[in-house]
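Novice:
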Amino acid sequence: MGWVTDHAPTEDELSSCIQCGLCLPSCPTFRLTGLETASPRGRLTAMSAVAAGRPVDRRFEEIMGACLQCRACEVVCPSFVPFGRAMEGARAEIAAQTSGVDRRLRRLVTARLLRSRIAVRLGTLAVSIAQLARLDRLAPRRIRRSLAGLRSLRGRPPSIVGRTRTAQGERRGVAAVLAGCVMDAWFGDVHTATVELLTAAGWEVVSPRGQTCCGALAAHDGWADDTRKMASTNMAAFRGVDLVVVNSAGCGAHMKEYDHWVDGGEELATRVVDVNEVVAEAIADGTLPRLSADGGTVAVQDPCHLRHVQRITEQPRAILAAAGLTVVEIDPEGRCCGAAGIYSVLEPEMSRRLGSSKADQVQATGAPLVASANPGCEIQLRTYLSELGHGVRVAHPVEIYWEALQRAERRAAVR
Numbered sequence: 007m008g009w010v011t012d013h014a015p016t017e018d019e020l021s022s023c024i025q026c027g028l029c030l031p032s033c034p035t036f037r038l039t040g041l042e043t044a045s046p047r048g049r050l051t052a053m054s055a056v057a058a059g060r061p062v063d064r065r066f067e068e069i070m071g072a073c074l075q076c077r078a079c080e081v082v083c084p085s086f087v088p089f090g091r092a093m094e095g096a097r098a099e100i101a102a103q104t105s106g107v108d109r110r111l112r113r114l115v116t117a118r119l120l121r122s123r124i125a126v127r128l129g130t131l132a133v134s135i136a137q138l139a140r141l142d143r144l145a146p147r148r149i150r151r152s153l154a155g156l157r158s159l160r161g162r163p164p165s166i167v168g169r170t171r172t173a174q175g176e177r178r179g180v181a182a183v184l185a186g187c188v189m190d191a192w193f194g195d196v197h198t199a200t201v202e203l204l205t206a207a208g209w210e211v212v213s214p215r216g217q218t219c220c221g222a223l224a225a226h227d228g229w230a231d232d233t234r235k236m237a238s239t240n241m242a243a244f245r246g247v248d249l250v251v252v253n254s255a256g257c258g259a260h261m262k263e264y265d266h267w268v269d270g271g272e273e274l275a276t277r278v279v280d281v282n283e284v285v286a287e288a289i290a291d292g293t294l295p296r297l298s299a300d301g302g303t304v305a306v307q308d309p310c311h312l313r314h315v316q317r318i319t320e321q322p323r324a325i326l327a328a329a330g331l332t333v334v335e336i337d338p339e340g341r342c343c344g345a346a347g348i349y350s351v352l353e354p355e356m357s358r359r360l361g362s363s364k365a366d367q368v369q370a371t372g373a374p375l376v377a378s379a380n381p382g383c384e385i386q387l388r389t390y391l392s393e394l395g396h397g398v399r400v401a402h403p404v405e406i407y408w409e410a411l412q413r414a415e416r417r418a419a420v421r
């Protein structure tokens, strides 16, 4: 049957793979299984077979579904194969050619509910009640594990949507902050730090009401039409601002590739920046201060979509060093933690193995604090660190820096 959608992997994308195998050591699923079908090369071979007429069957779905879409393979590929783009196309084909209750439920969550602020708020309320009543003790182990990774949702800051803050000092321009779906509902402290640091760096900060979910989870799960709609909505919402600042690595990586999804998407994509980029630049030029070392240490976890897709590694470390902390590395290869959007739900065993390994790496450093710039990674790290009984705090780099600035200001006021 072959491909049926206009988002399928193209012949040029598939033929650019020279089958050299340099991607194999960088692929987390290949390293765990040793299976060719669990490697980027093997997955591209499977895509080529479908392009040649093989059906999109259950086996093809399994091969594609086991991929984390971490895109570590792209960093080492000598042929620059756009593997992430090809994988999204393959999953769009699976979504178009298969059906079932599980498919409908997945679309409901990743492509419909996450772009509804009301639905996200209701879900947040349910989770906060479960946390307050300690209902996790009655839930199945899999649910308890997920709840253990969440931040406390009690007393969280209000939504930033619709709010405007004026710049401090010399005005640089207007920066719009992507509210996101779970970031706005569950990670309000990260939004607070983001807004405060941007205004301190000279940016007027807005968060338009017309925005929606970035669409990354829908894209990764194959819902191409829904992804295009979300991209179009955000293009309209963020028209006219100088920067679109994103503090979730996965969201930023996706928005920087909006040109793959909608006509004119490149114009918005060129204005999208990760918050680490903006804050690190403001520290480098002296707009934001460097604090004296306080003797603390912080371990750094590189989210895949920050390291492999956006190629941002130095900026979070510079921010943490400016907070007065000693930065320690946990994994020079930047191997995936196993969160990968909804991967931990769809492939729990593979996700568990990767998450446990990452938690062991953190524990080996002895650091009491871990910096991670992606919500899914943070939840994954906290989940498996809690299973080790390790009381390590996990937070966003800009959140850590903002808190350090506040402490320094309080100390100065006392003097």
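Numbers given in the numbering used here equal positions in the sequence shown, counted from 1, plus 6.
Beta carbons are placed, not taken as given, at the ideal position from N, Cα and C, and that holds for glycine.
In this text the structure is predicted, and so the values were computed from the model without any measurement.
1. Once you ignore the five residues that flank Asp227 on each side, which residues in its own chain have a CB closer than 8 Å to its CB?
2. Indicate whether Val404 and Ala199 have their beta-carbon atoms separated by less than 8 Å.
3. Extract the residue ranges of the alpha helix (DSSP H) inside the stretch 101-146, only unbroken runs of 4 or more that lie entirely within it.
4. Can you list, in chain order, the residues of its chain with a C-beta nearer than 7 Å to that of Ala410? Leave out the 5 residues immediately preceding and following it.
5. With H, G and I counted as helix, E and B as strand and the rest as coil, what does DSSP make of Val398?
6. Do Cys310 and Ala78 have their CB atoms nearer than 8 Å?
7. For the alpha helix (DSSP H) containing Glu283, list its first residue and its last residue.
8. What's the C-alpha gap between Asp291 and Arg37?
9. Per the contact definition of three or more C-beta pairs closer than 8 Å, is the stretch 209-225 in contact with the stretch 176-185?
10. When you compare only the Cα positions, how much space is there between Leu50 and Cys26?
11. For Gly1, which of helix, strand or coil comes out of DSSP?
12. Just curious, the beta strand (DSSP E) that Val211 is in, first and last residue?
13. Can you give, in chain order, each stretch of the alpha helix (DSSP H) that sits fully within the stretch 344-382 and has at least 4 residues?
14. Can you list, in chain order, the residues of its chain whose CB lies under 8 Å from that of Asp6, leaving out five sequence neighbours each side?
15. Just curious, the beta strand (DSSP E) that Val420 is in, first and last residue?
16. Curious, which full-length beta strand (DSSP E) runs of at least 3 residues does the stretch 262-336 contain?
17. Considering Val252, what are the terminal residues of the beta strand (DSSP E) in which it resides?
18. Closest to Ala401 by C-alpha separation, out of Thr218, Arg388, Leu394 and Gln412, would be which residue?
19. Cutting at 8 Å between CB atoms, please list the residues of its own chain near His6, excluding the five before and the five after it.
20. With a CB to CB cut of under 6 Å and the five nearest residues on each side skipped, what residues in its chain are close to Thr332?
21. Taking the alpha-carbon of Glu287 as reference, which of Ala207, Thr371 and Cys33 has the nearest alpha-carbon?
22. Report the rounded CA-to-CA distance for Ala242 versus Gly271, giving the unit in angstroms.
23. Near Ala305, what residues of its chain come up, given a Cβ to Cβ distance below 6 Å and the 5 sequence neighbours on each side ignored?
Specialist: The short version:
1. Within the sequence shown, residue 227 is the residue found at index 221, counting from 1. Only Arg97, Ala101, Arg112, Arg113, Thr116, Ala117, Gly347 and Ile348 meet the Cβ criterion.
2. Stepping through the sequence shown from its first residue, residue 404 is reached at position 398. Stepping through the sequence shown from its first residue, residue 199 is reached at position 193. A contact, by the Cβ cut-off of 8 Å.
3. 107-113 and 123-138
4. Stepping through the sequence shown from its first residue, residue 410 is reached at position 404. Only Leu297, Ala329 and Gly330 meet the Cβ criterion.
5. Taking the first residue of the sequence shown as position 1, residue 398 is located at position 392. The answer is coil: DSSP assigns Val398 none of H, G, I, E or B.
6. In the sequence shown, residue 310 corresponds to position 304, counting from 1. In the sequence shown, residue 78 corresponds to position 72, counting from 1. It is a contact, given that the beta carbons lie within the stated cut-off.
7. On the sequence shown, position 277 is the one that residue 283 refers to. Here the alpha helix (DSSP H) through Glu283 covers Val281 to Ala290.
8. Translated into the one-based positions of the sequence shown, residue 291 becomes position 285. Translated into the one-based positions of the sequence shown, residue 37 becomes position 31. Spanning the two alpha carbons is a distance of roughly 42 Å.
9. yes
10. Position 44 of the sequence shown, counted from the start, is the residue given in the question as residue 50. Position 20 of the sequence shown, counted from the start, is the residue given in the question as residue 26. The straight-line gap from Cα to Cα measures roughly 12 Å.
11. Look at the range of the chain in this structure, 7 to 421, and you will see that residue 1 is not part of it.
12. Position 205 of the sequence shown holds residue 211. Here the beta strand (DSSP E) through Val211 covers Trp209 to Val212.
13. 349-352 and 354-371
14. Any answer about residue 6 is impossible in this case: the structure gives the chain only from 7 up to 421.
15. On the sequence shown, position 414 is the one that residue 420 refers to. Unbroken run through Val420 is the alpha helix (DSSP H), Pro403 to Val420; no beta strand (DSSP E).
16. 278-280, 303-306 and 332-335
17. For the purposes of this step, residue 252 is taken as residue 246 along the sequence shown, with counting starting at 1. Here the beta strand (DSSP E) through Val252 covers Leu249 to Val252.
18. Residue 401 sits at position 395 when you count from the first residue of the sequence shown. Of the listed residues, the one whose Cα sits closest to Ala401 is Arg388.
19. In the structure as shown, the chain begins at 7 and stops at 421. Residue 6 is therefore absent and cannot be evaluated.
20. By one-based count along the sequence shown, residue 332 stands at place 326. Counting only Cβ-Cβ distances below 6 Å, and skipping sequence neighbours, we find Thr303.
21. Along the sequence shown, read from residue 1 onward, the residue named residue 287 stands at position 281. Ranking Ala207, Thr371 and Cys33 by Cα distance to Glu287 puts Ala207 first.
22. Here residue 242 refers to the residue found at position 236 when the sequence shown is read from its first residue. Here residue 271 refers to the residue found at position 265 when the sequence shown is read from its first residue. Each residue's Cα considered, the two are about 10 Å apart.
23. The sequence position of residue 305 within the sequence shown is 299, counting from 1. Contacts found: Val334, Ile336, Val368, Thr371, Ala373 and Val376.
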